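If you're matching positions, the sequence shown starts at 340 in my numbering and goes up one per residue. For glycine and all other residues, C-beta sits at the position ideal for the given N, C-alpha and C. Remember, predicted model here, so these are calculated numbers, not experimental data.
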Amino acid sequence: MQTGEMVRRLGQPGGGVAFLGIAAILYGIACFLQGDFAILWQPVPEGLPFRQPLAYLSAGLLVTGGAGLLVARTVRPAAMILLLLFALYDACYLLKLVGPPANPAALLGLAEQSSVVAGSWAILLRMRAGGSAGATTARIAFGICSLVFALAHFSGLKLTASMVPEWMPGGQLFWALATGVGHLAVGLSLIANRLAVPATRLGALMYVCFALLAWLPGAVTHPTEWLRWAGAAISLCMAAALWLVGDLLSARNAEI
Numbered sequence: 340m341q342t343g344e345m346v347r348r349l350g351q352p353g354g355g356v357a358f359l360g361i362a363a364i365l366y367g368i369a370c371f372l373q374g375d376f377a378i379l380w381q382p383v384p385e386g387l388p389f390r391q392p393l394a395y396l397s398a399g400l401l402v403t404g405g406a407g408l409l410v411a412r413t414v415r416p417a418a419m420i421l422l423l424l425f426a427l428y429d430a431c432y433l434l435k436l437v438g439p440p441a442n443p444a445a446l447l448g449l450a451e452q453s454s455v456v457a458g459s460w461a462i463l464l465r466m467r468a469g470g471s472a473g474a475t476t477a478r479i480a481f482g483i484c485s486l487v488f489a490l491a492h493f494s495g496l497k498l499t500a501s502m503v504p505e506w507m508p509g510g511q512l513f514w515a516l517a518t519g520v521g522h523l524a525v526g527l528s529l530i531a532n533r534l535a536v537p538a539t540r541l542g543a544l545m546y547v548c549f550a551l552l553a554w555l556p557g558a559v560t561h562p563t564e565w566l567r568w569a570g571a572a573i574s575l576c577m578a579a580a581l582w583l584v585g586d587l588l589s590a591r592n593a594e595i
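This is the structure in structure tokens:
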């Protein structure tokens with residue numbers, strides 16, 4: 340297949356709904372097996388009444404929402420379930436961010452959950468006819484999230500580098516910097532609306548590589564540490580969400 344044809348096909352909308360559905364199911368299963376909230380991405384207060392039953396409910400909704408995205412007639416309610424669920428995780432991070440005491444590090448978690456909210460919203464926007472304001476908002480929202488991801492990479496280079504497999508050519512620090520630049524490029528492209536659809540495709544591929552290379556090896560070698568599986572799954576959810584924003588933008592461009 341020629342490069343031009345490959346680029347054209349990648350620019351066409353499609354695939355994102357099933358992608359998020361499968362990723363959400365995997366995320367829910369990992370949370371079920373952990374028997375608790377995935378605290379790195381679901382910072383629910385320890386003292387919350389009925390915390391463990393709510394954790395199982397949360398995991399069940401992830402699986403339910405993901406499965407619903409795989410069936411045409413249930414896509415809309417499933418997308419709403421995931422949007423509301425990740426918005427609740429967002430609220431938990433917002434509470435950590437503002438405090439007291441304020442915790443600026445919670446900004447990264449807030450951006451991670453917001454990115455999946457934007458992807459879920461993109462599904463609902465595609466099911467509505469006309470209107471570009473929502474697509475613009477989703478595009479810029481994910482762009483801002485991507486800039487936060489870049490900031491997190493640059494400000495925590497040692498931590499990011501430690502997650503890169505040592506065998507990768509170029510060295511761990513190189514890939515920590517490269518992925519930070521990748522997040523920055525995706526964010527600027529989305530906000531400026533320049534090459535936005537290709538940026539969503541390449542960015543989603545970067546997230547998938549992160550899930551496969553940074554999270555999955557540790558999950559395989561420590562199979563009962565379910566948090567590692569959850570890390571791979573949330574990375575896939577974010578990849579799917581970015582792909583969905585690209586689907587939305589591509590569909591809107593085709594209408595013009």
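Beta-carbon contacts of residue i that lie in its chain and below 7 angstroms, excluding the five residues immediately before and after
i	result
L587	A461, L464, R465, A474, A477
F488	A450, H522
G482	G526, L529, I530
L409	A357, G360
Cβ pair residue i, residue j closer than 8 angstroms
i	j	result
L421	G399	no
L486	A515	no
Y432	A445	yes
Y366	I573	yes
W582	G354	yes
S453	A480	yes
A286	A369	Any property of residue 286 remains undetermined from this structure, which presents the chain solely from 340 to 595.
A538	L575	no
W565	L379	no
A578	R567	no
G458	V536	no
Where residue i falls, given that 16 or more other Cβ within 10 Å makes a residue buried
i	result
W506	exposed
E451	buried
V414	buried
V437	exposed
M340	Any answer about M340 is weak, because its pLDDT of 47 lies below 50 and its placement is not dependable; what the coordinates show is given next. When all chains shown are included, M340 counts as exposed.
F513	exposed
V520	exposed
A377	buried
T499	buried
T518	buried
R540	buried
F389	exposed
Residue i, enclosing alpha helix (DSSP H) - first and last residue
i	result
R412	R412 -> no alpha helix (DSSP H), and no H or E assigned at all.
M577	565-594
V547	535-549
G360	355-373
F513	511-531
I479	472-494
Beta-carbon proximity list for residue i, same chain, < 6 angstroms, skipping 5 on both sides
i	result
A426	V456
P504	L552
Integer-rounded CB distance, given that residue j should sit under 8 angstroms from residue i
i	j	result
L401	L393	Contact flag wrong, Cβ pair sits at about 13 angstroms.
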